[in-house]
Amino acid sequence: MATLDHVVEAGATPPWTLIRRLDYLEATELSDTSTGFQASGLGWPGEAPPELSTGLGWPAERSYPQDAPLPPQPAPSESEFAVSRETTQEARPSTVRTAADLAESTPPYEDEESTPLARAAEHVVLARQGALMRPALERPDATRVVVVANQKGGVGKTTSTVNVAAALAQLGQRVLVIDLDPQGNASTALGVEHRRGVPSTYDALVEGVPLADVMAACPDVDELMVVPATIDLAGAEIELVSVVARESRLFKAIDGHPLVGTAAAAGDERFDYVFIDCPPSLGLLTLNALVAAAEMMIPIQAEYYALEGLGQLLETVDMVKKHLNQRLQVSTILVTMYDGRTRLASGVAEEVREHFPDQVLKSTIPRSVRVSEAPSYGQTVMTYDPGSPGALCYLEAAREIALKGVTA
Ligand SMILES: Nc1ncnc2c1ncn2[C@@H]1O[C@H](COP(=O)(O)OP(=O)(O)OP(=O)(O)O)[C@@H](O)[C@H]1O
Ligand SMILES: [Mg+2]
24 MATLDHVVEA
34 GATPPWTLIR
44 RLDYLEATEL
54 SDTSTGFQAS
64 GLGWPGEAPP
74 ELSTGLGWPA
84 ERSYPQDAPL
94 PPQPAPSESE
104 FAVSRETTQE
114 ARPSTVRTAA
124 DLAESTPPYE
134 DEESTPLARA
144 AEHVVLARQG
154 ALMRPALERP
164 DATRVVVVAN
174 QKGGVGKTTS
184 TVNVAAALAQ
194 LGQRVLVIDL
204 DPQGNASTAL
214 GVEHRRGVPS
224 TYDALVEGVP
234 LADVMAACPD
244 VDELMVVPAT
254 IDLAGAEIEL
264 VSVVARESRL
274 FKAIDGHPLV
284 GTAAAAGDER
294 FDYVFIDCPP
304 SLGLLTLNAL
314 VAAAEMMIPI
324 QAEYYALEGL
334 GQLLETVDMV
344 KKHLNQRLQV
354 STILVTMYDG
364 RTRLASGVAE
374 EVREHFPDQV
384 LKSTIPRSVR
394 VSEAPSYGQT
404 VMTYDPGSPG
414 ALCYLEAARE
424 IALKGVTA
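If you want it as structure tokens, here you go:
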């Protein structure tokens, strides 16, 4: 048994500490008489064997517990799982639904108890996943060539062309947009270069270059190709005047493309849709588009003057049908820049519906800042803000157009 003298000789530790420690050793009988003064495991210098060591003692004694194998751990109980948000994969009742919960919930919008704000958030989450959530549309049997025209300026021709085209591509269709407006707005919105010298619609129309050689891919949307328009196209109206069969140049260019036609003729790689964005006039460029297409989409702005000029446009379509292209039909009318707060907008929409009940799409495009901002980023609203009301309405319009299923 160790004595006080014995211990005091061993070091310079203050005696009152040692006395307390000695009392403790005696009381707990950790010292072993058969082996002399043995380790308490609490860390005296020079102490021997670490069998009883806690591993927490003096540096000399420390046995680096992190290197030692772990003692067996008890398996976590069921109740522990229930409170661990990080580890559980199981559905758990929760009052606050996360974005992941919203994305998984099918069908959406069935929770009648959610607040309008929660439903709006749900709407955005679902929409941000874009067309990926939606089943791809069935492809038409043959390429559908659609001219987008209205001689009235600024009614949403270009905006509708690029957004419907992008939406269809997102819905699994292969789409080509031909920019037939020297302003090159569609090329800008689709993020395709259209400075002077770039292969463009002008080369195809005036020089007879194959359409396949002047196409470029839209960088933001898969399966969407673009024939850009450069400022050279402004001269084409005049240059084409003296050219033989000047009104069917575009028809020949499109028809000569190996990926335009039926499944049997053009194969699986064929384009499902070709959209032609026209300038705001009924000149030779628009005439070329009317001759090349089998379908026509007329965007109409929900404003007072919207219907003025429509009569003249339809007369032109009739003339083209009679003399140049019997296949042409006005298949789609799309009301754009619709402001539901005004009676004027709903009045215009109603009137257009009365006159063209079969052609007007159920979806109208709301006036939206996101739609008009998108081109300044070289994007369509479908990629710029896919959850915005404008993008959702263009997606719905695109579905309607596809499901109407008029084939060439
Ligand atoms: N739904 C919308 N909400 C807000 N702004 C819109 C909407 N649709 C189009 N615009 C804006 O209206 C303007 C005219 O649109 P757009 O260029 O598509 O018309 P357009 O008929 O092609 O014009 P142009 O006759 O000059 O070719 C653009 O500034 C566009 O950003
Ligand atoms: Mg335009």
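If you use this note's numbering, the sequence shown corresponds to residues 24 to 431, in order. From the three backbone atoms N, C-alpha and C, an ideal C-beta is built for every residue, glycine too.
What separation, rounded to the nearest whole angstrom, lies between the Cα atoms of residue i and residue j?
i: G258; j: P412; result: 38 Å
i: A329; j: N208; result: 21 Å
i: Y417; j: I388; result: 7 Å
i: V106; j: V404; result: Low local confidence applies: a pLDDT of 48 at V106 is under 50, so the model's placement there is unreliable, with the coordinate-based value given in what follows. Near 42 Å, if we compare the C-alpha coordinates of V404 and V106.
i: V323; j: N173; result: The sequence shown places Ile at residue 323, not Val. For I323 and N173, the distance between alpha carbons rounds to 8 Å.
i: D202; j: A159; result: 26 Å
i: E338; j: V353; result: 12 Å
i: L415; j: S386; result: 10 Å
i: L367; j: L333; result: 18 Å
i: V264; j: I254; result: 18 Å
i: V185; j: V394; result: 11 Å
i: A420; j: T138; result: 28 Å
i: L256; j: V169; result: 20 Å
i: H378; j: V221; result: 43 Å
i: G370; j: T355; result: 19 Å
i: S298; j: E262; result: The question names Ser, but residue 298 in the sequence shown is Phe. Answer to the nearest angstrom: the Cα atoms are 24 Å apart.
i: L313; j: V250; result: 17 Å
i: A287; j: D164; result: 9 Å
i: V392; j: L140; result: 21 Å
i: A240; j: A188; result: 13 Å
i: S183; j: L191; result: 12 Å
Does the Cβ of residue i have 16 or more other Cβ atoms within 10 Å, making it buried, or fewer, making it exposed?
i: T365; result: exposed
i: R293; result: buried
i: Y407; result: buried
i: M390; result: Here residue 390 turns out to be Arg, not Met, going by the sequence shown. Flag for R390 reads buried.
i: I321; result: buried
i: L357; result: buried
i: Y327; result: exposed
i: R218; result: exposed
i: Q402; result: buried
i: P281; result: exposed
i: D291; result: exposed
i: G363; result: exposed
i: R350; result: exposed
i: E331; result: exposed
i: V267; result: exposed
i: S223; result: buried
Would you grab the beta carbon distance between residue i and residue j for me? Rounded to a whole angstrom, and I think it's under 8 Å.
i: P205; j: A235; result: Not a contact, Cβ separation roughly 22 Å.
i: A397; j: M360; result: With a Cβ gap of about 14 Å, A397 and M360 do not count as contacting.
i: N311; j: E373; result: Contact doesn't hold; Cβ gap of about 34 Å is too wide.
i: R167; j: E260; result: Wrong, their Cβ atoms sit about 27 Å apart, outside the cutoff.
i: D295; j: R376; result: The Cβ separation is near 28 Å, so there is no contact.
Practice problem: Scan the region 218-295 and note each continuous alpha helix (DSSP H) run of 4 residues or more that stays entirely inside, going in chain order. | Solution: Considered as a whole, the region 218-295 harbours 256-262, 272-278, 286-289 as its complete alpha helix (DSSP H) runs of no fewer than 4 residues, in chain order.
Practice problem: Would you be able to state if there are at least three C-beta pairs under 8 Å between the region 421-429 and the region 192-200? | Solution: Between the region 192-200 and the region 421-429 there are three or more inter-stretch CB-CB distances shorter than 8 Å, so the stretches are counted as touching.
Practice problem: Please confirm if the region 263-281 is in contact with the region 222-234, defined as three or more CB-CB distances below 8 Å between the two stretches. | Solution: The region 263-281 vs the region 222-234: in contact.
Self-check item: Length at least 4, wholly inside the region 312-398: the alpha helix (DSSP H) runs in chain order
Solution: Those alpha helix (DSSP H) runs which fall completely within the region 312-398 and span 4+ residues are 333-346, 366-378, 392-396.
Exercise. Count the CB pairs spanning the region 210-217 and the region 342-350 that are closer than 8 Å, and state whether there are at least three.
Key: Per the Cβ contact rule, the region 210-217 is not in contact with the region 342-350 (fewer than 3 Cβ pairs under 8 Å).
Quiz prompt | Contact the region 296-309 vs the region 173-190: 3+ CB pairs below 8 Å | solution = At 8 Å Cβ cutoff, the stretches touch.
Quiz prompt | Continuous alpha helix (DSSP H) assignments of at least 4 residues falling wholly in the region 152-214 | solution = As summarised for the region 152-214, the continuous alpha helix (DSSP H) elements at least 4 residues long and confined to that stretch are 180-193, 208-212, given in chain order.
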